[in-house]
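Visitor:
Numbering (the numbering used here), first residue to last: 297 to 570.
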């Protein structure tokens, strides 16, 4: 782990950084850049400023920072984390937020009396306004975090969008199950989708479920001892309730037979393309 320390607050800080990046920071950057590519005129800001009064002395220094709804004192004169005085410095923060947001709603430009707020520009390091008692423009909007999580896409899954980035082993196995195996082996059993692979995995592999839905309906009229079934229109809802035909399973089977899948060219337990 980067700059690892054997302390509790170190790991709490890293956990906070991880959740912030995955849930807020990187999705925000992706949304900003995606809209810029479509021609939107965008203004970004960071709000790392906070008043020390909102934190207890028991909280380690490295764990303190700008929290969710930390802007409320400056926007609405509400103090959810502890009362403090809006002195001259804090008033600058309030001015920047209030004036900029009001003018942006009215005119489309976030004007304020303390700093020029430029749009994000065209570079790979979007510029943004750092809101503080000394407001100023900065280049690079969570660039390090965004670069890291975009690089991780190369390993087969995008944790930010919750989508796989390639057709890995899971999708390939299901394609084999629903196309090659019934046609080649003839013996048909029944198994629910959530019994093939754990339900959580179907949620994890967001692309897999619609693929599974379409493939299953494409194969509903395969003869295997039972009468052919009229193909149904593919549904993208209630995936777990789908019943599919599966080769070499008895009617009460709860999981695919490993040997039959391997015989078709797929090894569920190999590390290849996982």
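Glycine is no exception: its CB is placed at the ideal position from the N, C-alpha and C atoms. Source: prediction; values computed, not measured.
Excluding the 5 residues flanking residue 369 on each side, which residues of the same chain have their C-beta closer than 6 Å to its C-beta?
Guide: Excluding residues within five positions, the ones whose Cβ falls inside 6 Å are 375.
Visitor: Mark residue 308 as exposed unless 16 or more other C-beta atoms lie within 10 angstroms of its C-beta, in which case mark it buried.
Guide: With fewer than 16 Cβ atoms within 10 Å of its Cβ, residue 308 is classed as exposed.
Visitor: I need the straight-line Cα distance from residue 447 to residue 384, nearest angstrom please.
Guide: The straight-line gap from Cα to Cα measures roughly 44 Å.
Visitor: Among 381, 411 and 439, which one has its Cα closest to the Cα of residue 428?
Guide: Checked all of 381, 411 and 439; the closest Cα to residue 428 is 411.
Visitor: Apply the 10 Å Cβ neighbour rule to residue 389 and answer buried if 16 or more other Cβ atoms are within range, or exposed otherwise.
Guide: Buried is the call here.
Visitor: Can we say the region 411-421 touches the region 326-341, given the rule of at least three CB pairs closer than 8 Å?
Guide: Enough Cβ pairs lie closer than 8 Å, so yes.
Visitor: Consult DSSP for residue 462 and reduce its assignment to one of helix, strand or coil.
Guide: Correct three-state label for residue 462: coil.
Visitor: Is the closest heavy atom of the ligand FMN to the C-beta of residue 349 under 7 Å?
Guide: With respect to small molecules bound, the structure shown includes none, and the ligand FMN cannot be examined in it.
Visitor: Considering only residues of the same chain and omitting the five flanking positions on each side of residue 445, which have a CB-CB separation below 6 Å?
Guide: Closer than 6 Å at Cβ, skipping near neighbours: 322 and 456.
Visitor: Assuming the contact rule is C-beta atoms closer than 8 Å, residue 400 and residue 340 should be a hit. Round their C-beta distance to whole Å, please.
Guide: With 8 Å as the limit, residue 400 and residue 340 do not qualify as a contact, their Cβ atoms being about 12 Å apart.
Visitor: Would residue 380 pass as a contact of residue 366 if the rule is Cβ separation under 8 Å?
Guide: No. Outside cutoff.
Visitor: For residue 433, collect the residues of the same chain with a Cβ closer than 8 Å to its Cβ; drop the 5 residues on either side in sequence, then sort them by chain order.
Guide: Answer for residue 433: 411, 412, 413, 414, 423, 424, 425 and 426, listed in chain order.
Visitor: Considering just the uninterrupted stretch of the alpha helix (DSSP H) at residue 446, what are its terminal residues?
Guide: Residue 446 -> alpha helix (DSSP H) spans 439-448.
Visitor: Would the beta-carbon of residue 317 fall within 8 Å of that of residue 358?
Guide: Not a contact, by the Cβ cut-off of 8 Å.
Visitor: Taking a contact to mean a Cβ-Cβ separation below 8 Å, would you say residue 377 touches residue 350 in this structure?
Guide: Yes.
Visitor: Please state whether DSSP places residue 364 in a helix, a strand or coil.
Guide: The answer is coil: DSSP assigns residue 364 none of H, G, I, E or B.
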